[in-house]
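Protein chains in written order, with the working numbering: chain A, 1 to 347; chain B, 348 to 694.
Beneath this line is the structure, given in structure tokens, with notes to follow.
There are 2 protein chains.
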Amino acid sequence: MSNQDDTAKPGQWGPPYLLYLGNAPDDLAIKTARGLAYWRPHWCIGQHRRTGCKPTLGLREMGMAEAKAEGANTMVIGTANAGGVMGPEIVADIITALDAGLHVVAGLHQKLRENPDIVAAAQRNGRMLFDARDPAPGIPVGSGRPRDGHRLLTVGTDCSVGKMYTTLAIERALRRRNVKANFRATGQTGIFIAGSGVPIDAVVADFISGGIEWISPARFDGGWDLIEGQGSLFHPSYAGVSLGLLHGAQPDALVLCHEPTRPHMRGLPGYPLPDLQRCLAANLVAARLTNPAVKAIGVALNTSGIPAEQAEALCAQTSRLLGLPCQDPVTMGVESIVDNLLACFVN
Amino acid sequence: MSNQDDTAKPGQWGPPYLLYLGNAPDDLAIKTARGLAYWRPHWCIGQHRRTGCKPTLGLREMGMAEAKAEGANTMVIGTANAGGVMGPEIVADIITALDAGLHVVAGLHQKLRENPDIVAAAQRNGRMLFDARDPAPGIPVGSGRPRDGHRLLTVGTDCSVGKMYTTLAIERALRRRNVKANFRATGQTGIFIAGSGVPIDAVVADFISGGIEWISPARFDGGWDLIEGQGSLFHPSYAGVSLGLLHGAQPDALVLCHEPTRPHMRGLPGYPLPDLQRCLAANLVAARLTNPAVKAIGVALNTSGIPAEQAEALCAQTSRLLGLPCQDPVTMGVESIVDNLLACFVN
């Protein structure tokens, strides 16, 4: 489906959504559903929780048939068990949703299409299954060919430091200023929010940069493609993904994202976070391979772990250090970053 | 199977090999078979060509049944059609080989296991099929944890500049000096030569560095793992693979490989090759993330495109420029590179 249609095509998955929380044990387990409810609240008509599920999105509680009657088109599995595995309860609920006439989409490691009972239920009801971790077929190898259009990429000191939120905040701010802008998703939550994208960590290694070229083709309308970054050039497990993403994006503009209380690289005690200046410089050097004119235009800090006054001071200090506007997109917005973006790239 | 056993385990694929050239149109199409015949001549008892096949390895011509009678264990599909697709003639020949009692291995994009007639022939004969582009299941995410043992990695200015040949030449030179050394394969030809490995460009993007950690685990015998590099940090299509490989390898020693007549990055007119100093520096900087003690120990030039006298002069000049021994592994050997390796890493 196309990027950010507010209504799905007939017979296809898309909003309105019922968000399935199942028996998620904590807030971390409903990260995907929360992202969707935060960025696309008008698409989310309800939530479904099993008895004992503690976290909530504050949406109306609904059964599957009720959600369908209220206009829901698709149930989103917005929770993950340990290991991304579907337990028998989730499978039963998915079948109930399909029997109620909903499409079902998920971003689990274990695929919907690999469960024969789920596949049978989808077939007998003529409903779609969509696994957000399944890359679309036919992704090409990256060509490196310069292409038209403006592209911004969020890069990070680490995984999970706010790259998706920052990218979406910039999309919203640009649209409010009547600048054409499209979020280009590279992770499962982003794919549900955008309605399309490429799960870049799940493509075959040779196709990383090609996958990004594919989701952000040349554009000629003066608008911006805002590409969701992943990982970090300094993460020993995933840096290859980040570098291929950077090369495929051919970004004109980079925004550096950081979480200042992170004690070490995610999942890797013993690996400290890179210095912000060093991290930004490394991204700029690497990005110049496919776009020699790339510029850093801002820094986004996720300050959820520190008091508000300290957050303001830290942003001011970071801004002076790097010579770039610095904000927390969630608590402060991204207006100064967008000001700088538009000032740097006057059409 | 274990690395470089000279005999296969009973019932498993492995040498002795019959090399299948089919109706390969030119020398480039038999690259895999040529690498195998060059590096493991004692494993290759014959070649099989269809009428009209021009290129040859100079091995004895054999039918499949004859090869089996002469002791062959496995037929290696050492040729590729355009697009890596198997035509009906190749399929028929593979079935003949299986019916003759040979295992069959291939490194094509199109998989042996995806052809039902080939699968049926393997099953009725109790023979193995092995697709070298299929990563083994269960490859973990890279941990970045420092591990024991010495590792050398070949890195390059571009794809196809001689990284596999250089790595194998260093293995041979070290073994001649009674230093324990094992080639660790990351591409299809290397996997047939080693008898194991990981097709690193075919793993899912999140597992690039993990795949390399997996093929070169900690070792405690004072020996060297010699890891076959892929691609280049400066190739816009594949740099992500090269970076993940570099991080997963945790190399102690790097050898830079280069082909001095290459007009542009492979397949990408408009992308010049990087300067050797810049390329080596970028690899060292990136490698320090997982092994701060990494050292460059030599340069390998593929001088097949220039006259011999010029080749000697170019190696001398490159050696002065980078302050490292520089040789063409095929025409000059790698003794000075290995001298420097052993001098830098006295046990």
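We treat Cβ as the ideally placed atom computed from N, Cα and C, and that holds for glycine.
All figures in this text were calculated on a predicted structure; none of them were measured in a lab.
- Using Cβ-Cβ distances below 9 Å, what residues of the stretch 486-498 of chain B are close to chain A? Val-488, Gly-489, Ser-490, Gly-491, Arg-492 and Pro-493
- Taking any Cβ of chain A, which residues in the stretch 590-602 of chain B have a Cβ under 7 Å from it, in chain order? Leu-590, Gly-591 and His-594
- B/Asn-462 versus B/Val-432 - alpha carbon distance: Position 115 of the second sequence holds residue 462 of chain B. Position 85 of the second sequence holds residue 432 of chain B. Distance between the alpha carbons of B/Asn-462 and B/Val-432 is about 11 Å.
- Item | Residue of B/Leu-445, B/Pro-598, B/Leu-368 and B/Thr-398 minimising C-alpha distance to B/Phe-692 | Position 345 of the second sequence, counted from the start, is the residue given in the question as residue 692 of chain B. For the residues B/Leu-445, B/Pro-598, B/Leu-368 and B/Thr-398, the minimum Cα distance to B/Phe-692 belongs to B/Pro-598.
- Task: Kindly indicate which residue of B/Leu-449, B/Arg-492, B/Thr-426 and B/Ala-629 has the alpha-carbon position closest to the one of B/Lys-642.
- Result: For the purposes of this step, residue 642 of chain B is taken as residue 295 along the second sequence, with counting starting at 1. Comparing Cα positions, the closest option is B/Ala-629.
- Message: I'd like to know whether the C-beta of A/Ser-209 is nearer than 8 Å to at least one C-beta of chain B.
- Response: Translated into positions along the first sequence, residue 209 of chain A becomes position 209. Interface residue, yes.
- Using a cut-off of 9 Å between C-beta atoms, extract the partners of A/Thr-56 located in chain B. In the first sequence, the residue the question calls residue 56 of chain A occupies position 56. Near A/Thr-56 there are no residues of chain B at all, since even the closest Cβ is about 31 Å away, more than 9 Å.
- Query: Which chain A residues are close to B/Thr-501, counting only those with a beta carbon under 9 Å from its beta carbon?
  - Reply: Counting from 1 along the second sequence, the entry for residue 501 of chain B is found at position 154. In chain order: nothing, as chain A lies at least about 17 Å away.
- Message: Quick check: is the beta carbon of B/Ile-547 nearer than 8 Å to any beta carbon in chain A?
- Response: The residue given as residue 547 of chain B occupies position 200 in the second sequence. It does: the Cβ of B/Ile-547 has a partner Cβ on chain A nearer than 8 Å.
- Task: Counting only the same chain and skipping the five closest in sequence on each side, list residues whose C-beta sits under 8 Å from that of B/Glu-653.
- Result: Here residue 653 of chain B refers to the residue found at position 306 of the second sequence. Position check: residue 653 of chain B holds Ile in this sequence, whereas Glu was assumed. Hits under 8 Å: Pro-607, Thr-608 and Leu-661.
- Which chain A residues sit within Cβ distance under 8 Å of B/Val-550? In the second sequence, residue 550 of chain B corresponds to position 203, counting from 1. Within chain A, the residues near B/Val-550 are Val-204 and Ala-205.
- Item | Selected residue, minimal CA-CA separation from A/Ala-308, among A/Val-330, A/Cys-44, A/Leu-284 and A/Gln-230 | In the first sequence, counting from the first residue as 1, residue 308 of chain A sits at position 308. Nearest C-alpha to A/Ala-308: A/Val-330.
- Item | Contacting positions in the stretch 222-241 of chain A - beta carbon closer than 7 Å to chain B | Phe-234, Pro-236, Ser-237, Tyr-238, Ala-239, Gly-240 and Val-241
- Task: Mind checking which residues open and close the alpha helix (DSSP H) that includes B/Thr-665?
- Result: Against the second sequence, residue 665 of chain B aligns to sequence position 318. It spans 655-669 - the alpha helix (DSSP H) in which B/Thr-665 sits, taken as one unbroken run.
- Message: Using the Cβ count rule (16 or more neighbours within 10 Å means buried), how would you classify B/Glu-560?
- Response: Locating residue 560 of chain B in the second sequence gives position 213, counting from the first residue. Classification of B/Glu-560: buried, given that the 10 Å Cβ count is 16 or more.
- Terminal residues of the beta strand (DSSP E) in which A/Met-332 lies: Position 332 of the first sequence holds residue 332 of chain A. A/Met-332 -> no beta strand (DSSP E), and no H or E assigned at all.
- Per-residue DSSP class, three states only, for B/Cys-506: For this step, residue 506 of chain B is matched to residue 159 along the second sequence. Coil, per DSSP.
- Neighbourhood of B/Ala-634 by C-beta, 7 Å cutoff - its chain only, sequence neighbours within 5 removed: Mapped onto the second sequence, residue 634 of chain B falls at position 287. Contacts found: Leu-593, Pro-598, Leu-601 and Val-641.
- Task: Would you identify the three-state DSSP class for B/Asn-687, choosing helix, strand or coil?
- Result: Position 340 of the second sequence holds residue 687 of chain B. B/Asn-687: helix per DSSP, three-state reduction.
- Task: Along the alpha helix (DSSP H) that carries B/Val-488, what are the first and last residues, could you check?
- Result: Working through the second sequence from its first residue, we reach residue 488 of chain B at position 141. Per DSSP, B/Val-488 belongs to no alpha helix (DSSP H) and is neither H nor E.
- Task: State the Cα-Cα distance for the pair A/Thr-379 and A/Met-64, rounded to the nearest angstrom.
- Result: The first residue shown for chain A is 1 and the last is 347, placing residue 379 of chain A beyond what the model contains.
- Nearest to A/Gly-107 by alpha carbon, out of A/Ser-232, A/Thr-186 and A/Leu-152? Walking along the first sequence from the start, residue 107 of chain A turns up at place 107. The shortest Cα separation from A/Gly-107 among A/Ser-232, A/Thr-186 and A/Leu-152 belongs to A/Thr-186.
- Task: Show which residues of chain A have a CB atom less than 7 Å away from the CB atom of B/Tyr-512.
- Result: Reading the second sequence from its first residue, position 165 is the one you call residue 512 of chain B. Those do not exist, as B/Tyr-512 stays about 21 Å from chain A at its closest Cβ, beyond 7 Å.
- Task: Consult DSSP for B/Lys-378 and reduce its assignment to one of helix, strand or coil.
- Result: Walking along the second sequence from the start, residue 378 of chain B turns up at place 31. In this structure, B/Lys-378 counts as helix in the three-state DSSP scheme.
- Task: Check whether the Cβ of B/Thr-533 lies closer than 8 Å to any Cβ atom in chain A.
- Result: On the second sequence, residue 533 of chain B is found 186 positions in, with the first residue counted as 1. Not closer than 8 Å to any Cβ of chain A, the Cβ of B/Thr-533 fails to qualify, so no.
- Query: Between A/Arg-50 and A/Leu-21, what straight-line distance do the alpha-carbon atoms span, to the nearest angstrom?
  - Reply: As a working mapping, residue 50 of chain A is identified with position 50 in the first sequence. As a working mapping, residue 21 of chain A is identified with position 21 in the first sequence. The alpha-carbon atoms of A/Arg-50 and A/Leu-21 are separated by roughly 8 Å.
- Query: Where do the ends of the alpha helix (DSSP H) carrying A/Ala-123 lie?
  - Reply: Position 123 of the first sequence, counted from the first residue, corresponds to residue 123 of chain A. Note on identity: in this sequence residue 123 of chain A is Gln, with Ala being the wrong assignment. Segment 116-125, the alpha helix (DSSP H) holding A/Gln-123.
- Message: Quick test of your reading: B/Ser-584 and A/Ser-209, contact by CB under 8 Å. State the CB separation rounded to the nearest angstrom.
- Response: If you number the second sequence from 1, residue 584 of chain B lands on position 237. If you number the first sequence from 1, residue 209 of chain A lands on position 209. Yes, B/Ser-584 and A/Ser-209 are in contact; Cβ-Cβ is about 6 Å, under 8 Å.
- In angstroms with no decimal places, state the Cα-to-Cα distance between A/Val-338 and A/Thr-32. On the first sequence, residue 338 of chain A is found 338 positions in, with the first residue counted as 1. On the first sequence, residue 32 of chain A is found 32 positions in, with the first residue counted as 1. So the alpha carbons of these two residues sit roughly 26 Å apart.
- Task: Taking the CB atoms as reference points, tell me whether A/Pro-16 and A/Asn-73 lie closer together than 8 Å.
- Result: Mapped onto the first sequence, residue 16 of chain A falls at position 16. Mapped onto the first sequence, residue 73 of chain A falls at position 73. Yes, these two residues count as a Cβ contact at 8 Å.
- Message: For A/Met-332, tell me which candidate among A/Ala-300, A/Gly-52 and A/Gly-323 has the shortest Cα-Cα distance.
- Response: Indexing the first sequence from 1 puts residue 332 of chain A at position 332. Minimum Cα distance to A/Met-332 is reached at A/Ala-300.
- A/His-42 and A/Met-62: beta carbons closer than 8 Å? Here residue 42 of chain A refers to the residue found at position 42 when the first sequence is read from its first residue. Here residue 62 of chain A refers to the residue found at position 62 when the first sequence is read from its first residue. Not closer than 8 Å, so no.
- Kindly say whether A/Thr-290, judged by its beta-carbon, lies nearer than 8 Å to any beta-carbon of chain B. Numbered from 1 along the first sequence, position 290 holds the residue referred to as residue 290 of chain A. Judged by the 8 Å Cβ criterion, A/Thr-290 is in contact with chain B.
- Item | Enclosing beta strand (DSSP E) for A/Phe-183 [first to last residue] | Locating residue 183 of chain A in the first sequence gives position 183, where the first residue counts as 1. First-last of the beta strand (DSSP E) with A/Phe-183: 181-184.
- At a CB-CB cut-off below 7 Å, which residues of chain E make contact with A/Leu-268? The structure shown contains no chain E; its protein chains are A and B.
- Is DSSP giving A/Val-91 helix, strand or coil here? The residue given as residue 91 of chain A occupies position 91 in the first sequence. The answer is helix: DSSP assigns A/Val-91 an H, G or I state.
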